[in-house]
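Here is the structure we will look at, set down as C-alpha cells.
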Amino acid sequence: MSDRTNTAPNDLSAFWMPFTANRQFKKNPRMFVAADGMYYTTGDGRQVLDGTSGLWCVNAGHNQPRIVEAIAKQAAELDYAPAFQMGHPKAFELANRLVDMAPEGMDHVFYTNSGSESVETALKIAIAYHRARGEGTRTRLIGRERGYHGVNFGGISVGGIGPNRKTFGSLLTGVDHMPHTHIPENAFTRGQPEHGAEIADELERIVALGDASNIAAVIIEPMAGSTGVLLPPKGYLERIRAITKKYGILLIFDEVITGFGRLGSAFGATHYGVTPDIMTTAKGLTNGVIPMGAVLTSSEIHDAFMTGPENMIELFHGYTYSGNPMASAAGLATLETYKQDGLFENARDLAGYWEDALHGLKGLPHVIDIRNEGLIGAVELTPIEGAPTKRAFQAFLDAYDAGILIRTTGDIIALSPPLIMNKGHIDELIGKLADVLKKLD
Ligand SMILES: Cc1ncc(COP(=O)(O)O)c(C=O)c1O
C-alpha cells in the first residue's frame, strides 16, 4: 500500500467534498497533482491510468496543447465580458460550431456552466415554450427511473435515483417517471440490447393519466451513464420519439455524458439516429477543463420566444458565466482537437476491441453483467448481502492502488476512458481490473 499522505495539505476538514465519503477519504486521501494524456500523477508520484475521463468529461485526454494554449491566450486577451446585453465573438463562434456538429434541426445554443444547469435550463425552456405558444397548461414533466439529470431541484425531480432525492423535501410537483430499461434478459449483451423496446409504451399510459394537454416534456439520457451504463434497447428511443411527437410533447435528450464522442459519434442522438427537440450538454464540451454547458434547441422552440417588442428580453433566464470567454475559448479548442485528431473516429475504431476486452471479464468472481457501447462500459457485481455498494467501492480503492482510475455507482463499475486511448491502454486498464476483481472478497 502506498503512502498517500505525503502531499496532503495539513488540514482536510474545511473542504466538504461532493458525492464523496468524506470521513473515509480524509482518513486515507487520494490526491492527484498532475495529469497528462491518459494518466494522472498521484501525490506520491505514481501514474494512474484514467479509466473514467475524470468524471466522464476529459474526452480528449489531459493536458491537450490546443486547449492549454487557448485558455492562456484568452485570459490575457479578454478575461470576462458581461453575459447579459453584451457579447463577445467566441461565444457566437462556438454556438455555430455546435450547431454544425449537432443533428439537423438543432439550431440554437443557450449556455450554462454545468450539466445540472443545462437540465434546469432545458426544463424551463420547455415549459415556457408551450406557454409562449398559448398552451400554458403544459407544465408536467416526465423523467425515468434511474435517470440522472444533475443535482438541482428540477434535475433531481425528474431524475430517478432514490438517494439523490430522498432527503431533499417535496421537489417539483407535476412530475411522473417512466420505468427504467434495465431488464435481466439483456445481461451480458454486447452493445444495444435486443429486449425491452416495449417499455417505451409505458409513456402512453402516463400520458393517458395526465393528459397530453398538461405535459410539457419528457427528459431521458439516450444512454443512462451515471446510474451505471444502461443502454437503450433496440427500438426504444424510436418509440419514445414517436409517442412524444404524437402528443406534442417535447423530447429532451440529456447528452451530458453521451455528447462529444463517448459513443463514437458527436452525440447520442447522432449515434442512435433519433433527434430530440432539445439537447443538454456539458462535460466534454470543454474537455472538463473550464466549466461550461450548452442547451441546444430547434428553431421552432427558439422562434416561439422571438415575439413582442424588440427591446424586451425574450427569456428571463441566464447565468453570469453563460458563454464566458475562457469557457468559449476552451470549447472551441476542444472541438478543434476532437476534429483535427479524429477522436470520435478513434472511439469508433476501438469500440470492437474495447467490447472484446471488457466482455473477457465474464466469469470472474461476483460479475453478474457486462455492458458496453462506443468507449463506455460497465461491470456489475453482486452486492454483499446487507452492505450494498461496499464491494464495488472496495474494487475502486484496490484499482486506485493498482494504478487505474475507475468509477463506481452502487455495485456497478463504470468505465469511460479518454477517446485518445489505444489498444495498449485498453489492455492495461482491463488487465489491471481483472486482477482487482480476481482478488475481491
Ligand atoms: C446525464 C447527466 N446530466 C446531468 C449531469 C450533471 O452534470 P454536472 O455535474 O456538470 O452538473 C450529469 C453528470 O454526470 C449527467 O451524467
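For the sequence shown, the tail end lands on 937 under the numbering used here, and the numbers increase by one without skipping. Note that beta-carbon positions come from the ideal geometry of N, C-alpha and C, so glycine has one too. All values reported here derive from a predicted model rather than from experimental measurement.
Is E751 near M788, with beta carbons less than 7 angstroms apart? no
DSSP three-state label for R526, please. coil
Quick one: using the 10 Å Cβ neighbour count with 16 as the cut-off for buried, is N518 buried or exposed? exposed
Thinking C-beta only, is R844 closer than 7 angstroms to G760? yes
For A778 versus S610, is the C-beta distance shorter than 7 angstroms? yes
Using three-state DSSP, classify R640 as helix, strand or coil. strand
Identify whether I809 lies in helix, strand or coil by the three-state DSSP scheme. coil
Alpha carbons only, please: which of D931, A874 and L933 is nearest the one belonging to T904? A874
On a CA-only basis, which of D894, L726, T677 and A765 is nearest A696? Give me that one, please. T677
Please confirm if the stretch 596 to 616 is in contact with the stretch 701 to 708, defined as three or more CB-CB distances below 8 angstroms between the two stretches. no
Please determine whether the Cβ atom of D750 lies at a distance below 6 angstroms from any heavy atom of ligand 1. yes
Beta-carbon proximity check, G744 vs T754, cutoff 7 angstroms: no
Any heavy atom of ligand 1 closer than 6 angstroms to the CB of E717? yes
According to DSSP, residues forming a beta bridge with S794: M602
With 16 other Cβ atoms within 10 Å as the buried cut-off, status of V554: buried
Separation of H558 from A895, as counted between CA atoms: 20 angstroms
CA-to-CA distance, P689 to N682, given in whole angstroms: 6 angstroms
Helix, strand or coil at L857 [DSSP, three-state]: coil
Distance between V785 and S794 (C-alpha atoms, nearest Å): 28 angstroms
Can you give the Cα-Cα distance for V671 and L871, rounded to whole angstroms? 33 angstroms
If you measure from the CB of G721, is any heavy atom of ligand 1 nearer than 6 angstroms? yes
Should G906 and T878 be called a contact, given that it needs their Cβ atoms to be closer than 7 angstroms? no
With H, G and I counted as helix, E and B as strand and the rest as coil, what does DSSP make of S498? Note that S498 scores a pLDDT of 47, beneath 50, so its modelled location is shaky; the value from the coordinates is reported in the next line. Three-state result, S498: coil.
Residues near K569 in its chain [Cβ-Cβ closer than 8 angstroms; skip 5 each side]: A825
Here's the rule: buried if 16 or more other CB atoms are within 10 angstroms of the residue's CB, otherwise exposed. What is M582? exposed
Cα-Cα separation between K935 and L925, rounded to whole angstroms: 16 angstroms
How many Å lie between R634 and H855 at the Cα? 45 angstroms
Could you tell me the alpha carbon to alpha carbon distance between Y536 and Q543, rounded to whole angstroms? 6 angstroms
Measuring only the C-alpha atoms, how far is L619 from R737? 17 angstroms
Kindly list the residues whose CB is nearer than 8 angstroms to the CB of K730, restricted to its own chain and excluding five residues on each side of it in sequence; keep chain order. Q688, P689, E690 and A693
Cross-strand partners of M775 (DSSP beta bridge): F749 and L792
In or out: A823 buried (at least 16 other Cβ within 10 Å) or exposed? buried
Would you report the Cα separation of Y849 and F892, rounded to the nearest angstrom? 23 angstroms
If you compare alpha carbons, which of I909, A888, E832 and I900 is closest to P561? E832
Among N842, D931, E641 and E565, which residue has its Cα nearest to the Cα of G721? E641
For the stretch 684 to 747, which segments carrying the beta strand (DSSP E) assignment without a break, of at least 3 residues, lie completely within its bounds, in sequence order? 711 to 716
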